[in-house]
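Protein sequences, first through last, are from chains A and B.
Going by the numbering used here, the first residue of the first sequence is number 1, and it counts up by one from there.
Going by the numbering used here, the first residue of the second sequence is number 1001, and it counts up by one from there.
The block underneath contains the structure these notes are about, expressed in structure tokens.
Protein chains: 2
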Amino acid sequence: MRIPLDHTSDVPLYRQIENYLRQNIRSGSLAAETRLPATRELAQELGVSRITVNNAYAELESDGLIYTVEGSGTYVAPPLALSTPLVDDTAVTYPLWQQELTTGGGDDPELGVVARPSSRPHPHLIAFTGVGDPHQFPVDDFFKVLKQIIREKGVTALAYGNMSGGYPTLRETVAHVLASQGIQANPAHILITSGSQQALALVCQVLLQPGDAILVEKPTYNFALELFRSLKLKIVGIPLDEHGMQVEMLEYLLQKYHPRLIYTIPNFQNPSGMCLSGARRRQLVTLADQYNVPVLEDDFAGDLRYNGRSLPAIKALSPPGQVIYIGTFSKILMPGLRIGFLVAEGPVFSRLVTAKRVHDLATSALMQHALERYVTVGRYQAHLRRSCRLYRQRRDAMLAAIQRYLPAEIQVIPPQGGLFIWLRLPENKSSLELLVLARAEGVDFAPGARFFPDFAEGDPYLRLNFATQTPEAIAEGIRRLAIAWQRLGDSR
Amino acid sequence: MRIPLDHTSDVPLYRQIENYLRQNIRSGSLAAETRLPATRELAQELGVSRITVNNAYAELESDGLIYTVEGSGTYVAPPLALSTPLVDDTAVTYPLWQQELTTGGGDDPELGVVARPSSRPHPHLIAFTGVGDPHQFPVDDFFKVLKQIIREKGVTALAYGNMSGGYPTLRETVAHVLASQGIQANPAHILITSGSQQALALVCQVLLQPGDAILVEKPTYNFALELFRSLKLKIVGIPLDEHGMQVEMLEYLLQKYHPRLIYTIPNFQNPSGMCLSGARRRQLVTLADQYNVPVLEDDFAGDLRYNGRSLPAIKALSPPGQVIYIGTFSKILMPGLRIGFLVAEGPVFSRLVTAKRVHDLATSALMQHALERYVTVGRYQAHLRRSCRLYRQRRDAMLAAIQRYLPAEIQVIPPQGGLFIWLRLPENKSSLELLVLARAEGVDFAPGARFFPDFAEGDPYLRLNFATQTPEAIAEGIRRLAIAWQRLGDSR
């Protein structure tokens, strides 16, 4: 037990030991029933006499903080008060360098309004949030594979993972899955990441500096925005319409802001559900090439198409090395895998491999092995077909319910796939205010603010995830939303 | 299957499809035996006539790239050549923004000399590299727990992990383990990370900008150096002696370089094995406080003490919020867990939580649950005792072998714990050159260059890991090292 002792101090050593233990027990960091070292042990370890330790223990015992069991040892007593006292940060003054941190720091506008726990939480909340439906995850099959790996690989399954891009076999599997979707990728250009979020972070790390401008769709993925903010990037938004990013405005913005990166989600965009049209994809490619700006293509759910024609990946339309492509197994299989990947060609790839290594050395060897074993092109496609059939029904159920329960003044554009339906409230209506009422009625959704570079701009919008609920729950949820909408109107 | 088609092009559509598939098959990204979509399917998906697809398939089949099985479908044929051709980057010209990347980028000096596979790899290489001994990992017990978690939690074990610091119960467990080691930490100030490497990266992310100066021991942990380089930090080194960082030089360096962070490994330092003395710990704390510089305390192996007195953590000696403490379960339990943690108080903590979230959302829920279930204070201490007993024998075996086989001109300072013994060759001898000969003799070690801000300065040093080999293998390995040393001398 490493207890700081100051031999030069006027405070006697036994007091120093006593005070230190007292602090630890009071703060709860020394748990009740923790066995303290024998006095001989501790004395030797601290280089003090055994009497010193005995004195310290005696003081603590007389205060009821510890107790001794004959022939067994000395233990921390159960706390007299209830639980660990929550730390009161206001009581402490922190170093100057910390006080500088308190200013700024892109805080979530919802914290004030919504994140606060609802006064009376609804017993049967219907949540139109999250990603795919957990009940669709092939958990049992996956765990069978997990056990196989554990049996076969034993200890190596818990060694460090491969530190130079991920397991070659997994990278080949990813290449084959991509190819089956019409996206060409050589395994040598695939980097396994800890979820697609890390892929995003690595690309920013390698290509951008604080203050650089980045072009994003408006709205876009909230955790991407949070990342860009935390990296102190200048976020420039391009508005969307039903054909995706309004590429017509791109050249103007490229000239005005000289962005170092274009971040786009071309398929079933998060949160809007829109797809970038083929014509606009080609325009985007031409302009990115012409203005020498890399494109980051986030294809988080490109496979989940329920109707309409599939469109080529932007990467497939671009000259080699122009586009960095990001994909994930989280949406289609299981978020908990925390395994994503990126595809990049040219010098940037080795930079990304290095960035991955310095950020967390490697992604779990166990998970990489298991995923590689579990995912085959056939299995993936079968799972994809099942998911598409199911999610399509749910999308249609939600669109029907919206038709039935919500007034026409709330605008909706039916998505051709993905997970989300994007609603727009009439001007001067707030989705944050609606959310408070909606939760009271027993329905939850993602308010629009978090998806916009400028929070306020997003307030009239809300994102509904239709993939996680049954058609019945969807109908009931939208009915509740309609009631909340009513109450919002009345409250004005 | 998303195939890019240009309806305006002069190239007929069937050719576009054919060429695209041909490319994919040639590049290997469409694997042999991959089932191609039925012509009707693909035609519908691409919005072309079925004849168009038939034509494309026919062309490919006549070239032997695909084959059809009556009543089953069309498949990619096994490659005529051997395997996937490795991509020839030199053949391609990449966008301008990529060519800028090729310059700089702290490349490993060993790549040229050593990383190249040995001409004749030794059949029974004895590796004094790596971290703990994999055979000591409590794999079976851990997997039992893993299966329990899977059985109990089912799908939730594969949902996203907690995004605000990690699972509370795991954070409490960490606090109790730390307390049992005499380090006070409130669970509310503990952040679970994907290995301690990520903790390092997050702290840099939050506190440092490119160009900022960071103070490190010289030598220090190579992956920390790689991280600092990749973040374009100015790395300022303080030399070590047998009492750790030469804190006497600290004030001068603080005044000269105004570092924004002091990174230190006070216990059984990696790679030198040295411990920072108690007096110097107090000097360090005083100066850091006085000059308002945060301290990052990396305690990767502080528990692995085999003799001598344990010393208080720097964090335990500092005013609240002055020190960020990093720990890990990788060294003592299993690297493959990829779970580490940091302890930080004050405003910086919430910044670190945000940084964690934007970097990879969350650490594997499954692994967090399993670790929380597996680790108890008692179990941890028992495992620690076993490891210390074992590693102590191995340290002594290596010191004895060095005494016996290596000449006195090679300097060694016996470490009191940890995993590493640090050797210094006489001036103008190169550990990189020695390594080439050593591998030929069948022994591997970590050359010193990678542990120094200035590679060249580290060339006379080498790091031996004594924890991963049996005493017999250690003796044999050092004997081989002595032979390599002989040959190095002869070669001059």
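Even glycine gets a Cβ: it sits at the ideal position worked out from N, Cα and C.
- Runs of the beta strand (DSSP E) lying entirely within the stretch 1246-1310 of chain B and spanning at least 3 residues, in chain order: 1261-1264, 1295-1298.
- The Cβ atoms of residue 1 (chain A) and residue 1182 (chain B) lie closer than 7 Å to each other.
- When Cβ pairs closer than 8 Å are counted between the two stretches, the stretch 415-422 of chain A is seen to touch the stretch 263-271 of chain A, the count reaching three or more.
- Of all alpha-carbon atoms in A:428, A:373, A:10, A:483, the one lying nearest the alpha-carbon of residue 441 (chain A) is that of A:483.
- Ranking A:264, A:287, A:286 by CA distance to the CA of residue 276 (chain A) puts A:264 first.
- Pairing residue 1449 (chain B) with residue 1200 (chain B), the inter-Cα distance amounts to about 21 Å.
- For residue 1020 (chain B), the three-state secondary structure derived from DSSP is helix.
- Short of 7 Å from the beta carbon of residue 487 (chain A), and not among the five residues preceding or following it, lie these beta carbons of its own chain, in chain order: 437.
- Excluding its 5 nearest sequence neighbours in each direction, residue 410 (chain A) has C-beta neighbours in its own chain below 8 Å: 402, 423, 424, 425, 426, 485, listed in chain order.
- Taking residue 16 (chain A) as the centre and dropping the five residues before and after it, the same chain places the C-beta of 5 closer than 6 Å to its C-beta, in chain order.
- Close CB contacts of residue 1257 (chain B) within its chain, under the 8 Å cut and outside five residues either way in sequence, are with 1213, 1215, 1234, 1236 (chain order).
- The alpha-carbon separation between residue 1132 (chain B) and residue 1467 (chain B) amounts to approximately 6 Å.
- The bridge partners DSSP lists for residue 1218 (chain B) are B:1239.
- Secondary-structure assignment with DSSP links residue 1463 (chain B) through a beta bridge to B:1422, B:1446.
- Excluding five sequence positions before and after residue 1153 (chain B), the CB atoms of its chain that fall closer than 7 Å to its own CB belong to 1369, given in chain order.
- Annotation for residue 1164 (chain B): 1353, 1357 place their beta carbon closer than 8 Å to its own, counting only its chain and skipping 5 residues before and after.
- Around residue 24 (chain A), the beta-carbon contacts reaching into chain B at under 7 Å are 1179, 1184.
- Interface residue (Cβ-Cβ distance to chain A less than 7 Å): residue 1137 (chain B) is classified as such.
- Residue 38 (chain A) is not bridged by DSSP to any residue.
- Between residue 1321 (chain B) and the set B:1363, B:1186, B:1208, B:1429, the nearest pair of CA atoms involves B:1186.
- Within the stretch 1366-1410 of chain B, the complete alpha helix (DSSP H) segments at least 4 residues long are 1377-1405, listed from N- to C-terminus.
- Among the residues facing chain A, residue 1226 (chain B) is included, as its CB has a counterpart in that chain under 7 Å away.
- CA-to-CA, the gap between residue 1205 (chain B) and residue 1328 (chain B) works out to about 19 Å.
- For residue 458 (chain A), there is no enclosing alpha helix (DSSP H), as DSSP marks it with neither H nor E.
- In the three-state reduction of the DSSP assignment, residue 1048 (chain B) falls in the coil class, being assigned neither a helical nor a strand state.
- Contact check for residue 1337 (chain B) against residue 1326 (chain B) fails: the beta carbons are separated by 7 Å or more.
- Around the beta-carbon of residue 1314 (chain B), 16 or more other beta-carbon atoms lie within 10 Å, marking it buried.
- Relative to residue 1064 (chain B), the option among B:1092, B:1022, B:1097 whose CA is nearest is B:1022.
- Shown here, residue 1234 (chain B) sits in a strand according to DSSP, grouped into three states.
- A direct Cα-Cα distance of roughly 36 Å separates residue 176 (chain A) from residue 1122 (chain B).
- Judged by DSSP secondary structure, residue 1073 (chain B) falls within the beta strand (DSSP E) whose first and last residues are 1073-1076.
- Spatial neighbours of residue 1145 (chain B) in its own chain (CB-CB distance under 8 Å, excluding positions within 5 residues in sequence) are listed in chain order as 1370, 1373, 1374.
- Under the three-state reduction of DSSP output, residue 1337 (chain B) falls in the helix class.
- Contact of residue 47 (chain A) with chain B is assigned, a C-beta pair being separated by under 7 Å.
- Among the CB atoms of chain A, one or more fall inside 7 Å of the CB of residue 1317 (chain B).
- Per DSSP, reduced to three states, the secondary structure at residue 1489 (chain B) is helical.
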